[in-house]
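Participant:
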Amino acid sequence: MSQTSLRPASSPPLPARPQVAEFRDVLARSTGRPLADALALHADSVAHLRDFWATFLSWSQLAWEGSAEEVCTSDDVESATFFPGVRLNYAENLLRPLAGVDDDRPALTALHADGGREQWTRRQLREAVADTATALAVLGLGAGGRAVVVGTNNGSTVIAALATAAVGASISSGMPDMGPTALLGRFTQVAPTVLLLDRTAAPAGWDGAPGDVLDQLLTGLPTAGTLLVLDDLPLPEVPDRRVQRLGDVLADLGPGTPRTPWPRLPFNDPLFVMFSSGTTGPPKAMVHGIGGTLLEHVKEHRLHGDLDARDTLYFHTTTAWMMWNWQLSALAVGARVVLYDGPVTGPETLWQLVADEGVTVFGTSPAQLQLSQDLGLRPGEEFSLHRLRAVLSTGSVLHDWQFDWFSEAVGPLPLQSISGGTDLVGCFVLGHPELPVVRGRSQSLSLGMDVAALDPAGRPVLGEAGELVCRTPFPSRPVHFLADPDGARLHAAYYAEHAGAWTHGDVVDLEADGTARVHGRSDGVLNIDGVRIGPSEVYRVLRTAVPQVAQAVAVEQRHPTVPGATRLVLLVQLRAGVVLDGPLERTIRDELRRQASPAHVPALVLAVPAVPMTHSGKVSEKAARDTVNGDRVANVEALRNPGSLTGITEAMAAADARQVAPAEPDHDPHTAAVRRLWRELGVVPHEGIDSFFDLGGTSRQSMTLLRRLRLELGAGVPMDQFLADPTIAGLAAAVRRAGADQPHVVQLAPGDPTAPPLFLLHDAWGDVDVYRPLAQRLTGVGPVYGVRARLTDADGRRRSIAELAAAAVTELSAVAPVGPVHLAGFSFGGLVAFEAARLLELQGRPVGFLGLLDVLPPRASMTSVRRWAHDLAGQLGAVVPGLADRPLREVLRQRFRPATRPVDRQALDHSEVVFDQHALQPYGGPVTYFLARRRIPVAGNLLSVWRAAAPRLTVVPVPGAHFDLLAVRHVEVLAARVSTAVSASR
Amino acid sequence: MSGRSPAGPARDWDVQVRLVTVDASPSDVEAARACLTPAELAHADRGVPPVRTRRVLLRAALRQLAGEVLGLTAAEVPLADPPGRPALIGALAGQDVDLGCSASGALGLVAVARRCRMGVDLERLTTAAADAEDWLTAAEQTALAQLPADRWPAALTRAWTGKEAVLKGVGTGLLVDPRTVDTAAAQAGHGPAGDWHLHPLDVPAGWMASLAVRPSGPTSRAAEGTVTLR
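Next up, the structure:
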């Protein structure tokens, strides 16, 4: 990877090699061991971790004092402590003046939703932190203290956090929109003495009024004697606490007030208290040490990211996520950090930010990249990204095709998939400046970390998925958990599963080239339909409240009938003579519900003769889970009682037999298909009950059901028809009606029956759902209908626009045989409407109103000059997605149908061809063209094509861009304009 | 939990909300059945046992809460027969009191409102996003994609409960396309959605709940009212 971005003339010349290469040379020289390349460096860093970390500490020239003689107190991953003799200050290392770094260049830029921008040079930031630290000291916060900051990702919150670190106290952060339950779940454990609050960009409820969020938060934090307000909003009135505004405290510090010193504290003293997105119990409160955090972050920034003072980093994050802390540490290398606390209205927001701020390293998520891709965005062409040299992605799986799209649509710069966790406030796998990007994978393992993938027997494997572990101690392990006096929770969290290793709870596969792919979570925490539950919480309740249960195992089962869902299954081994009857089962459920939570109540409770145990006497939840799911148990020899698995299988079979009603054969394919879909949602008629909702189906499931009917059976059944008869038979009948060969006219709004009916022509998939929001808001129009279509004829050939228009005319004439009619259409439907109007005019039927909602003229209708201009407009590249000419499909596509499924994409491809082949013929009637405001400037060319075909064209501008013209955000205005135009036509 | 705006005239509307466990013991269910009308019992008994239990407990809780607000016993509260939007009938019909209820999994929620029209919806957190493109507006979809992945379950569920709350307040439920309700303007469940104002309700971890309110009388701000969790 080379840094090809332009740099301002005043910055130092590009070095020839990345920092990691320089570091490797230094390490090789000092140890006498040759280190040829990146992989050799990693291998050495784990084999000789003391050399690695000691050399890194000195090479990085971080500010510290004391003795680094003892690098690591032991080789045991759990008990080892790093640099016990070193003392340092986090804020000092981030903000001190750096050689070769201009103190008066911007270091922190905070961007706001209203376009506001605040900026601090390194010097200014340091001074602001020093002043704030002094204010905190005056308020009594000092080394060893605990503070909490609630605020968004802006400059005040950053300065507050750094000031807290400067005085040597620990900081936890959260977002104001997290709600009192989530905030208290985190911060009660911290028991802070100071609460720092920034309410800019926060929702309502932070005035301190009785019962509001702030009031609840303070009630739950009795130790927070001081509330320090960072914003300029009216001070809250809260009883029993000292409330001050930071601005006032700073003003009271006279000019001669000495600034409080920033103490250098022991390496493992607390810096950040962070929280796992945990189980339904309180989140784990992990205390991360000053030195471990700083060292890990600087290692990742400098060695893996090659970040230096010429870089500008923007990571899209909130204060509730570890990437917020991670990005701050970039200040330690002299880089500029950009913050943004505003809403993101589309993927363009972030690309525009990256372009405007000259961001060199951009941190985002697979979802944002996928959205950019789905909208047809080509960021490399549409935004000025010449300064961007790397993009990091984390949060979920980054797919292979996203790497392909990225290199094509963004550019030849590395897309680095990174993964780690709040548990280590860093990454186990991440990028590397010297290694190529391998599609679908992270480039390298984290230096100094002996990451391995273990098979169920505990053996390290390559090339297959295994349990992600780290076998060497590393500095950024949490120093302890809160509320864990004997360290038992910390031990259980990471060190219990595999002796001598940190078990992270992810599944990963590693290759010999050092690359890795993280597949997802693997830990004992159960994920039941999106809610995380710790099995130990279940066992605790059973042990204390249900003595009849000798042993229990709680496992997550793939739902037998609802795909993608999971349910909680509890296997119980009962004491001798005890039988699992109704009352005992009820007791188990009641106790779990009362003492744990409703989420801990199992869907299925089964008595088994024995639970599987390992030779060391531990219950094997894995073997139980695999057996319950019908999966092969990998390591049966590791079990002391392999026969227990048979008992579980038999118990499961007996339970299945009791629950599943015998399936009746359906002779009619529609009924069979509907029954299958119901079953997949977990709704099965039995006991004579056949209504969807009586059987437990939910309203949300009804949406899913109708969607699947439409996509899988091609049958668009409207909700009102389903609700009229929500049985399998009723729905099958509705499916039959919807699947009829004729195009189908459906009423979208009642309208004024005395006014001419308005027919809205179908989209590129033949559907009219896209018009519903518009139809429901039109006023002063006649009855509103949507005209659907079969896009193919009996042979599967795609019908032309002319054929579709003729079919539409037949259909609408059946509904409105005489009298004037009104027509309109968006995009594909607009072209059909235009042709249908022409046909009606030829038939002698007046079309009083023809509305074209931002319809591109078909390419076949453009002269060569116009075509050239049209193509050029596409290349000039709207900032607005969906208008690039090359993919007309993007123009035809609506936001409601992102066309990610192959069958949807194909339909769009065919519609594109059909659309473009149509030759416009003249139409003499009045046409109202609703033109999307957010358009490329060459719109004149498009309208002139229409005017040539329709001389009586009127243009009405409407808000939005093409693809979201009909979206709810704009549809009110659109409906008003259309209503006005229709009225004017009468 | 309540939200009161600091300035302005005496409160215009208020909503009382109560959480209900709908996964209770048989004796609780028997007691609840005792205060229901024959029509309510018949509607409940049309469901399979878990649905039956849920309908009985939720309806009884709604009667109980409405009774407390109106000064009646649970059995005395005059309600229109189910199914459909719960409503007071008879002399109380014109009293500007509105009712709502919702359940998901083992938890339910009942609400009684005065001087406004309201809807409530409670939903368990879910990770299923595949169906969401059908009922999310464009603005909501883009907002969702900007969030880090760990916030999607909460954001999706929050959006769904907001829409359902409005549609239940309107009275049409899903007969009206959920895409006509845009919750993108509501920050963390708090804010406007068309004529309605959304409020998040504080419920146990693993669930989300939204309240949609449309005040009856003329008010200068939709936020003038109180929500109380009893």
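Just so you know, the sequences run in chain order P and D.
Here the numbering used here is used: the first residue of the first sequence is 35, the next is one more, and so on.
Here the numbering used here is used: the first residue of the second sequence is 1275, the next is one more, and so on.
From the three backbone atoms N, C-alpha and C, an ideal C-beta is built for every residue, glycine too.
Based on DSSP bridge pairs, tell me the residues matched to residue 53 of chain P.
Facilitator: None; residue 53 of chain P has no bridge partner.
Participant: Distance cutoff 8 Å, beta carbons only. Does residue 1496 of chain D sit that close to anything in chain P?
Facilitator: Summary for residue 1496 of chain D: the model assigns pLDDT 48, below 50, so the residue's position carries little reliability, and this model does not support an answer.
Participant: Establish whether the CB of residue 402 of chain P and some CB of chain D are separated by less than 8 Å.
Facilitator: It does; some Cβ of chain D falls within 8 Å.
Participant: Where residue 775 of chain P and residue 1019 of chain P are concerned, what is the direct C-alpha to C-alpha distance, given to the nearest angstrom?
Facilitator: No answer about residue 775 of chain P holds up, because its pLDDT of 46 lies below 50 and its placement is not dependable.
Participant: What would DSSP say about residue 839 of chain P, mapped onto helix, strand or coil?
Facilitator: Three-state DSSP puts residue 839 of chain P in a helix.
Participant: Starting from residue 1321 of chain D, find everything on chain P with Cβ-Cβ shorter than 9 Å and list it in chain order.
Facilitator: Those are 723, 725, 727, 728, 729 and 730, listed as they occur along chain P.
Participant: If you count every other CB in all the chains shown that lies within 10 Å of the CB of residue 814 of chain P, and 16 or more means buried, which is it?
Facilitator: Result: exposed.
Participant: Which residues, taken in chain order from the segment 791–812 of chain P, show a beta carbon closer than 7 Å to some beta carbon of chain D?
Facilitator: Hits within the stretch, in order: 806, 807 and 810.
Participant: Under the assumption that residue 487 of chain P contacts residue 542 of chain P (Cβ atoms under 8 Å), give the Cβ distance between them as a whole number of angstroms.
Facilitator: Contact flag correct, Cβ pair sits at about 5 Å.
Participant: Would you call residue 439 of chain P buried or exposed, if buried means 16 or more other Cβ atoms sit within 10 Å of its Cβ?
Facilitator: Residue 439 of chain P comes out buried.
Participant: Could you tell me whether the Cβ atoms of residue 237 of chain P and residue 1461 of chain D are closer together than 8 Å?
Facilitator: Going by C-beta atoms, residue 237 of chain P is nearer than 8 Å to residue 1461 of chain D.
Participant: Do residue 277 of chain P and residue 270 of chain P have their C-beta atoms within less than 8 Å of each other?
Facilitator: Yes. Within cutoff.
Participant: Which same chain residues end up closer than 8 Å to residue 96 of chain P when comparing Cβ atoms and leaving out the 5 residues on each side of it in sequence?
Facilitator: Result list for residue 96 of chain P: 122, 127, 328, 329, 332 and 366, in chain order.
Participant: By the three-class DSSP mapping on this structure, what secondary structure does residue 30 of chain P have?
Facilitator: Residue 30 of chain P is absent from the model: chain P starts at 35 and stops at 1020.
Participant: So, with DSSP's three-state summary, where would you put residue 385 of chain P?
Facilitator: Three-state DSSP puts residue 385 of chain P in a helix.
Participant: Please name the residue, chosen from P:54, P:451 and P:410, that lies closest to residue 425 of chain P on a Cα-to-Cα basis.
Facilitator: Looking at the Cα atoms, P:451 is the closest of the given residues.
Participant: Taking just the CA atoms, how far does residue 820 of chain P sit from residue 782 of chain P?
Facilitator: The alpha-carbon atoms of residue 782 of chain P and residue 820 of chain P are separated by roughly 6 Å.
Participant: Any C-beta of chain P sitting closer than 8 Å to the C-beta of residue 1471 of chain D?
Facilitator: Not an interface residue.
Participant: With a 10 Å radius around its C-beta and 16 neighbouring C-beta atoms as the bar for buried, classify residue 1363 of chain D as buried or exposed.
Facilitator: Answer is exposed; the Cβ neighbour count stays below 16.
Participant: Would a check of beta-carbon distances place residue 1325 of chain D closer than 8 Å to chain P?
Facilitator: Judged by the 8 Å Cβ criterion, residue 1325 of chain D is in contact with chain P.
Participant: At 4 residues or longer, what runs of the alpha helix (DSSP H) sit wholly inside the segment 581–633 of chain P?
Facilitator: Segments of the alpha helix (DSSP H) lying fully in the segment 581–633 of chain P: 616–629.
Participant: Whole angstroms are fine: how far does the CA of residue 101 of chain P sit from the CA of residue 89 of chain P?
Facilitator: Rounded to whole angstroms, residue 89 of chain P to residue 101 of chain P spans 14 Å at the Cα level.
Participant: Would you kindly work out how many angstroms separate the C-alpha atoms of residue 925 of chain P and residue 989 of chain P, rounded to a whole number?
Facilitator: Low per-residue confidence applies at residue 925 of chain P: pLDDT is 43, beneath 50, and the placement is therefore not dependable, though the value from the model is reported in the following sentence. About 19 Å.
Participant: Which class does residue 301 of chain P belong to by DSSP, given the choice of helix, strand or coil?
Facilitator: Coil, per DSSP.
Participant: Is residue 707 of chain P buried or exposed, if buried means 16 or more other CB atoms sit within 10 Å of its CB?
Facilitator: Residue 707 of chain P is buried by the Cβ-count criterion.
Participant: Using only the alpha-carbon positions, how far apart do residue 1344 of chain D and residue 1365 of chain D sit?
Facilitator: Taking the straight line joining both Cα atoms gives about 12 Å.
Participant: Check whether the Cβ of residue 954 of chain P sits closer than 7 Å to any heavy atom of the ligand SAM, and report yes or no.
Facilitator: This structure lacks the ligand SAM; in fact it carries no ligand of any kind.
Participant: Around the C-beta of residue 1296 of chain D, are 16 or more other C-beta atoms found within 10 angstroms, so that it is buried, or is it exposed?
Facilitator: It counts as buried.
Participant: Where does residue 753 of chain P fall in DSSP's three states?
Facilitator: The answer is helix: DSSP assigns residue 753 of chain P an H, G or I state.
Participant: In three-state DSSP terms, what is residue 212 of chain P?
Facilitator: Residue 212 of chain P: helix per DSSP, three-state reduction.
Participant: Kindly list, in the order they appear in chain P, the residues whose Cβ is closer than 8 Å to that of residue 1474 of chain D.
Facilitator: Going along chain P in sequence order, the residues near residue 1474 of chain D (Cβ under 8 Å) are 213.
Participant: Determine whether the Cβ of residue 1490 of chain D lies closer than 8 Å to any Cβ atom of chain P.
Facilitator: Taking Cβ atoms only, chain P never reaches closer than 8 Å to residue 1490 of chain D, which makes this a no.
Participant: At the 8 Å Cβ level, is residue 1560 of chain D part of the contact set with chain P, yes or no?
Facilitator: This structure gives no information on residue 1560 of chain D, because the portion of chain D shown stretches from 1275 to 1504.
Participant: Return the chain-ordered ranges of every alpha helix (DSSP H) run that is complete within the segment 1297–1337 of chain D and spans a minimum of 4 residues.
Facilitator: With a minimum length of 4 residues, the continuous alpha helix (DSSP H) runs that stay inside the segment 1297–1337 of chain D are 1300–1307 and 1312–1319.
Participant: If we cut at 8 Å on Cβ distances, does residue 962 of chain P have a partner in chain D?
Facilitator: It does not; no Cβ of chain D falls within 8 Å.
Participant: Could you tell me how far apart the beta carbons of residue 104 of chain P and residue 118 of chain P are, in whole angstroms, since I believe they sit closer than 8 Å?
Facilitator: That belief holds up - the Cβ atoms of residue 104 of chain P and residue 118 of chain P are roughly 6 Å apart, short of 8 Å.
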